[in-house]
Each structure stands twice: as C-alpha cells, then as structure tokens.
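Student: Letter 112 of the sequence shown, counting from 1, is numbered 102 in our numbering, and no numbers are missing. For glycine and all other residues, C-beta sits at the position ideal for the given N, C-alpha and C. Small disclaimer: the values here were computed from a predicted structure and weren't measured.
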Amino acid sequence: MDLASIKPIEKRYNVQHPATGEETGMILVLACTHDERVKRAMRAVNDKILESGKDLSESEQQKLDDAFAACYVVDVEFTGDATWNGKTPQYSEALAKEICAIPALKEQILFEVRRVKDFYQA
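#1: Quick one, which of Ala9, Arg104 and Ile99 has its alpha-carbon nearest tyrosine 3's?
#2: Beta-carbon within less than 7 Å of alanine 86's beta-carbon, same chain only, minus the 5 sequence neighbours each way: which residues are those?
#3: Which residues in the same chain as isoleucine 89 place their Cβ atom closer than 6 Å to its Cβ, once the five residues preceding and following it in sequence are excluded?
#4: Would you identify the three-state DSSP class for asparagine 4, choosing helix, strand or coil?
#5: In whole angstroms, give me the CA-to-CA distance for phenylalanine 58 and valine 35.
#6: In the structure shown, what three-state DSSP assignment does lysine 38 receive?
#7: Which whole-angstrom value describes the C-beta separation of leucine 18 and isoleucine 39, a residue pair presumed to lie in contact below a C-beta threshold of 8 Å?
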C-alpha cells in the first residue's frame, strides 16, 4: 500500500429530523478536517476573530461558532419534498451558516465530521 496516496474523501450525510430520526432529504456533502477547503475556511473564520478583537458579544460568538461548523459543509442537495424556506437553493457559504445556526442540525454535522475514518477509503 502506498501511504502517500492516502487522501480524504467527501461524505454524504442525509440530515435527520431531530424529533423522529427520519432522513429529511436534505443531503449535506461534508469534508474532513484534513481537507484543504475546510482548513482554508477555518483560517478565514479565525481571521475574523482576530480582526474583531477580544470583545465579542454573545450573538457574535454564536455566529462564529456556526461559521466554524459550516466550514465542513461543501455542498447541499435536496431530494424528495425537502426544502429550505420553501425553496431548494444551491450551496453557498451563507446557506451552510444558516443550516448550522439550527442547533440540532449543527450537532449532527459536528458528530458526523468527528468520525474521521468515514472520510478515508479502506
């Protein structure tokens, strides 16, 4: 096995309804912590923190926390009757942040990205 060929892959995750556990049809494409897109997005959020200084309001801290979670989302798909605010929008960083602003969804995303082995092929 050529160890130099080990590279992270994307993971598709069908978001579950927090009350029922049923798949919703909103599929998030997640990238691993080791993915360059995630690293770049994390640096951008960290830069915003450094620019703002130490005095962040609670709502600003929450937005930055949502932005960190959104760094892992690299695409979104809607299947079946799943919608977001009545529409099926294309992926954007703003959409990823909106999704992560819902605590039950952000929790699912963070749980899934912690499973690093899922981001590598055996």
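Tutor: In terms of the structure at hand:
#1: Minimum Cα distance to tyrosine 3 is reached at Ile99.
#2: Result list for alanine 86: Ala60 and Val63, in chain order.
#3: Closer than 6 Å at Cβ, skipping near neighbours: Leu95.
#4: It is a strand residue.
#5: About 7 Å.
#6: In this structure, lysine 38 counts as helix in the three-state DSSP scheme.
#7: The C-beta distance from leucine 18 to isoleucine 39 rounds to 24 Å, too long to meet the 8 Å contact threshold.
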